[in-house]
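Heads up: the structure comes next, in structure tokens.
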Amino acid sequence: MADEPQQTEISSNQAEDDENKRYCWVCYATDEDDETAPWVKPCKCRGTTKWVHQSCLQRWVDEKQKGNSTVKVNCPQCGVEYFIAFPNMGQLMLFLDRVDAFIYKVCPFVAAGVVVGSIYWTAVTYGAITVMQ
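Here you go:
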């Protein structure tokens with residue numbers, strides 16, 4: 001019976017150590033695994049699930065958005081929506097983004113024109129060869 005208080009004290013100390021230890025909920029690494037990685041608390045989660053590597057969180061958000069930056073991403077544990085602030089794009093990036101959007105819209109029409117033109121040219125060539133024979 002004298003050992004029970006000591007065992008309770010050990011288990012409570014171990015629980016405090018586990019609470020203070022950081023676990024990344026994406027890659028499951030701890031402080032000891034990667035000491036140089038920056039840690040963030042992006043939401044209202046508590047305990048060990050509140051910590052995540054910044055790079056792991058960015059990769060996880062990218063996977064959830066699948067290239068569409070307008071998709072809202074929520075914490076899988078507490079459901080809080082992550083606010084994602086993108087840096088301002090320079091003038092060159094804005095120009096290239098507009099050119100890309102224009103090409104994306106025009107490309108199907110250009111491809112259809114090439115197909116129709118090829119069919120027309122093939123028909124004209126076939127007709128000319130037929131007439132010349």
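All residue numbers for the sequence shown refer to the UniProt record's numbering, where the first residue is 1 and numbers rise by one.
Ideal Cβ placement from N, Cα and C applies to all residues, glycine included.
Keep in mind it's a predicted model, so treat the numbers as computed, not measured.
Check residue i in the structure and name its three-state DSSP category.
{"i": "W39", "result": "strand"}
{"i": "S122", "result": "First, the amino acid is wrong: residue 122 is Thr here, not Ser. Helix, per DSSP."}
{"i": "T30", "result": "strand"}
{"i": "Y23", "result": "strand"}
{"i": "R46", "result": "coil"}
{"i": "K66", "result": "coil"}
{"i": "P87", "result": "coil"}
{"i": "Q58", "result": "helix"}
Which residues in the same chain have their Cβ closer than 8 Å to the Cβ of residue i, if we skip the five residues on either side of it in sequence?
{"i": "V71", "result": "K64, Q65"}
{"i": "D97", "result": "M89"}
{"i": "K21", "result": "T30, D31, T48"}
Quick one: residues in its chain with C-beta nearer than 6 Å to the C-beta of residue i, no 5 flanking neighbours on either side, listed in chain order?
{"i": "P38", "result": "Q54"}
Is the Cβ-Cβ distance between residue i and residue j less than 8 Å?
{"i": "N88", "j": "Y82", "result": "no"}
{"i": "C78", "j": "C45", "result": "yes"}
{"i": "V99", "j": "C43", "result": "no"}
{"i": "I84", "j": "V115", "result": "no"}
{"i": "F95", "j": "S69", "result": "no"}
Which partner residues does residue i have in the DSSP bridge list?
{"i": "N74", "result": "E81"}
{"i": "V52", "result": "V40"}
When the cut-off is 8 Å and only beta carbons count, does residue i lie next to chain B?
{"i": "Y82", "result": "In the structure shown, chain B cannot be found, because there is only a single protein chain."}
Near residue i, what residues of its chain come up, given a Cβ to Cβ distance below 7 Å and the 5 sequence neighbours on each side ignored?
{"i": "Y23", "result": "T30, T48, W51"}
{"i": "K41", "result": "K50, W51"}
{"i": "T125", "result": "none"}
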